[in-house]
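When you read off a place in the sequence shown, starting at 1, and then add 6, the result is the number in the working numbering.
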Amino acid sequence: MFMKKVHAITAFSHRFPSVKMSSRLFYHLFSIHCEFIRLILLVFVENVIGKEVKNR
C-alpha cells in the first residue's frame, strides 16, 4: 500500500512537471512516513510477542 502511494505521487509529478515536488519536501514526507510505519510495526510486533509469551 505504501509503495502504491509513492508510485502514485511519482506518477503525479511526472504527469505534471510544473507541479513537481522539491526532492527535499518529498524526502521529508518520506522520512516521516518511515518513522510512522516503524512505530506501527514496533507496536504490532510487541503486541504479537506479548500474546505469544502470555499463551505459553
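Idealized CB from N, CA, C, for every residue including glycine.
Values in this document were obtained by computation on a predicted structure and should not be read as measured data.
- DSSP places ARG30 inside the alpha helix (DSSP H), whose first and last residues are 29-61.
- Between the alpha carbons of LEU48 and GLU58 lies a gap of roughly 15 Å.
- Looking at the backbone, the Cα of HIS39 and that of ILE55 are separated by about 24 Å.
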